[in-house]
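Residue numbers (my numbering), protein chains in the order written: chain V, 1192 to 1612; chain R, 1192 to 1612.
Contents: one structure, followed by commentary.
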């Protein structure tokens, strides 16, 4: 374990250091490398500029086993990675015949003309080995002083494709022994940081296991990581810790690892053969959007309504004008009629309704911005509760949609809803 | 202009290099520094680990004028930034009385007990100057060898607060002369990379102006940047270039700078006092969600329906069973009846409808995954067109929602819709 395999990530692009574009590649690469046991020791972003790129690469070669570089491989005049790498590694630029053939073929398929900008992409530092000969993405690797360098495009889809399909298997092949790393994420909703910290304080950790948590608005994620040699042992350590955490926080844990709340809800609905319809006001379609992001949701999702205007609430859902007048559109009474109304209008087992004030305007003293009513109607009952959320308009929408989904989850599981105000 | 003011950004945290958390701080900081004329030359992320943090700081001091460091200032045992900085800069850790007072007061307000972990936060490298004495966020600055270093918390909200309120004004105060930087972003939809490259090829640039473009799926953004001393001149240069670009690409440009497509549509609807209702199938609520992300959208957005099931299409929008049977739910005929139906069911000036196959399942030979029909109904006419989008389910949803919003924009402007297939 003492001979840790080290990786570095270098992302190149003026748009990154000027803040115009957020670098989404490096965290993706870091996650993939960590998952196979490579320790990422540094992530560097530099502009399309000789000095800084060159230094970053040279420094990395002296301490890392694997270096992944993204960006600057395209056909525009800003794309100068090949030239910089050639100089930094003291390897002349050479026309890579394989790459040239590949480009010519692509150009033919796309029905465009070959030109010097496109040809430029085939001039690579000597010793470059093309990663993929079939797809659209152009990437290559170079071995230098026992360090493997991978050069990938900056376009996220192309980068991910090459990384997952070629780079990760390549690293696994070249590396004799990587530590086994196992990780489990527990996802929580409706709890605050200090309650989690309190609950985790006296969890018994082993030296192989580390424990942490962080906010992913509006959720909290607890991460249990274990590093060692024996996969079965590590998994049993993780199970042990997970069980301890669940004894303390089970009321807030809605999911695990990659599973999102909308997927949890979709799984529960599918398992119980239940159907759902949705009535949204302040969330404005976000609940339906999240539910339909899940492939196969058409089995349980019957449909939704975004009844933004009072007229739509009355005409589509049959909310009573009287109710709107006496209690207002943002009220428990309206939430109840919306939830019941949507089950009439789009027949389903569960009708969920949200009405509230997303802000920044529209708040009053009695009902300030962030006031949200959730209603759930099913065969056996209709329930409503009042909540208060904080932050920007989009935060309030997101938190409200999360609470609505959590209600469906809790209703199906027979758990009590989170307390309202 | 040759004495460029240089900045570096260092973000610290094991969660960053392991890929567990995406670093959203560095692009924010980079954008802010760039906007005031500081050239960001490097962004580095390293773990909570002495060697790497120390090296990053020492290197940066040798070439940057301002260094912004985030993370590792909290009270947990992983938070070791203060210790590392003290060693790296050869300054002993000292109890900062101002910070200590501040922490004590906060602890009192929150009704919790003072403890050694909290006290740890007040032990700072000698010479540290607290940035803010009022808020919850703890950050400080140190002047070392004519370089100003700022240490900020990793929590994005706290970091942004301190950066905008204290660090940026501080940098502006210490810097005698920053170049003026002006930037304009033109946003395009429905065009491909090579067409943009072709159009920009013979644009006349001045030495003060640089021009670039990049994809922000499903949009392309063209960025015109100008750097110099005279703001008025720079703006006129940018106007000049913008006019040249518009002559070539006006058909695809929908917005400028920070304005999003849903805001452009909202502005047009407001200006013309028009109202909108939405009928969504494959986009699943995303169009309504985007429209209602805009504050004030309740003025023009009457409501939406997510008619996922055939039953919902028939019951809510009055789509004919016959139409569904003869042409299918994904057809021009259904899109037409959805668009007309939603204007009956939620009265409005413009009804927009989308029906398609978001995938990954549900495609056929005649109607493969990504086949999408858009329909628009208004007083004067109903129009439909067929499109084909590619990628993952969420890409197809996003692209379809974009096309629908673009239709509303083009309809109001009297421009032709993008050609279908």
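The beta carbon of each residue, even a glycine, is placed where N, CA and C say it ideally should be.
Everything numeric in this text was worked out from a predicted model, so none of it was measured.
To the nearest angstrom, report how far apart residue i and residue j are at their CA atoms.
| i | j | result |
| --- | --- | --- |
| residue 1559 of chain R | residue 1565 of chain R | 16 Å |
| residue 1193 of chain R | residue 1229 of chain R | Confidence at residue 1193 of chain R is low in this model, with a pLDDT of 40, below 50, so its placement is unreliable and no value can be given for it. |
| residue 1257 of chain R | residue 1456 of chain R | 41 Å |
| residue 1516 of chain R | residue 1598 of chain R | 27 Å |
| residue 1506 of chain R | residue 1450 of chain R | 37 Å |
| residue 1472 of chain V | residue 1254 of chain R | 53 Å |
| residue 1226 of chain R | residue 1366 of chain V | 44 Å |
| residue 1582 of chain R | residue 1260 of chain V | 25 Å |
| residue 1613 of chain V | residue 1202 of chain R | For chain V, the structure presents residues 1192 to 1612; residue 1613 of chain V sits outside this window and is missing. |
| residue 1429 of chain R | residue 1224 of chain R | 20 Å |
| residue 1200 of chain V | residue 1310 of chain R | 36 Å |
| residue 1572 of chain V | residue 1586 of chain R | 38 Å |
| residue 1270 of chain V | residue 1590 of chain R | 28 Å |
| residue 1294 of chain V | residue 1313 of chain V | 8 Å |
| residue 1244 of chain V | residue 1263 of chain V | 11 Å |
| residue 1320 of chain R | residue 1333 of chain R | 6 Å |
| residue 1384 of chain V | residue 1411 of chain V | 8 Å |
For residue i, count neighbouring Cβ atoms within 10 angstroms of its own Cβ and tell me buried if that reaches 16, exposed if not.
| i | result |
| --- | --- |
| residue 1296 of chain V | exposed |
| residue 1555 of chain V | exposed |
| residue 1607 of chain R | exposed |
| residue 1545 of chain R | buried |
| residue 1592 of chain V | buried |
| residue 1303 of chain R | exposed |
| residue 1474 of chain R | buried |
| residue 1183 of chain V | Past the edges of chain V, shown from 1192 to 1612, lies residue 1183 of chain V, and the structure says nothing about it. |
| residue 1216 of chain R | buried |
| residue 1588 of chain R | buried |
| residue 1360 of chain V | exposed |
| residue 1301 of chain R | exposed |
| residue 1305 of chain V | exposed |
| residue 1388 of chain V | exposed |
| residue 1534 of chain V | buried |
| residue 1340 of chain V | buried |
| residue 1438 of chain V | exposed |
| residue 1363 of chain R | exposed |
Once you ignore the five residues that flank residue i on each side, which residues in its own chain have a CB closer than 7 Å to its CB?
| i | result |
| --- | --- |
| residue 1249 of chain V | 1279 |
| residue 1484 of chain V | 1453 |
| residue 1551 of chain R | 1560 and 1584 |
| residue 1221 of chain V | 1200, 1231 and 1234 |
| residue 1521 of chain R | 1546, 1547, 1548, 1558, 1562 and 1564 |
Which partner residues of residue i appear in the DSSP bridge assignment?
| i | result |
| --- | --- |
| residue 1467 of chain V | V:1492 and V:1541 |
| residue 1257 of chain V | V:1198 and V:1339 |
| residue 1578 of chain R | R:1563 |
| residue 1230 of chain R | R:1197 |
| residue 1441 of chain R | Answer is none; residue 1441 of chain R lacks a bridge partner. |
| residue 1406 of chain V | V:1411 |
| residue 1331 of chain V | V:1321 and V:1342 |
| residue 1546 of chain V | V:1564 |
| residue 1598 of chain V | Answer is none; residue 1598 of chain V lacks a bridge partner. |
| residue 1417 of chain R | R:1373 and R:1400 |
| residue 1379 of chain R | R:1411 and R:1444 |
| residue 1497 of chain R | V:1495 and R:1471 |
With a threshold of 8 Å on Cβ separation, who are the neighbours of residue i within its own chain once the five nearest residues in sequence on each side are excluded?
| i | result |
| --- | --- |
| residue 1433 of chain V | 1375, 1377 and 1415 |
| residue 1267 of chain R | 1308 |
| residue 1371 of chain V | 1228, 1418, 1419, 1420, 1421, 1422 and 1425 |
Quick one: what's got a C-beta closer than 6 Å to residue i's C-beta in the same chain, skipping five residues either side?
| i | result |
| --- | --- |
| residue 1611 of chain R | 1576, 1577 and 1578 |
| residue 1196 of chain V | 1229, 1256, 1366 and 1369 |
| residue 1477 of chain R | 1588 and 1592 |
| residue 1291 of chain R | 1313 |
What residues of chain B sit near residue i, judged by a beta carbon separation below 7 Å?
| i | result |
| --- | --- |
| residue 1352 of chain R | Checking the listed chains, one finds no chain B in this structure; the protein chains it contains are V and R. |
contact_flag[the region 1523-1543 of chain R, the region 1519-1527 of chain V] where n(CB pairs < 8 Å) is 3 or more: no
Would you check if the region 1376-1384 of chain R and the region 1433-1447 of chain R touch, i.e. whether three or more CB-CB distances between them fall below 8 Å? yes
Specify whether the region 1343-1354 of chain V and the region 1421-1430 of chain R touch according to this definition: at least 3 beta carbon pairs, one from each stretch, less than 8 Å apart. no
Tell me whether the region 1456-1465 of chain V and the region 1385-1397 of chain V touch, counting them as touching only if at least three CB pairs, one residue from each stretch, are closer than 8 Å. no
Taking 8 Å as the cut-off, does the region 1484-1501 of chain R touch the region 1488-1496 of chain V (at least 3 CB pairs, one atom from each stretch)? yes
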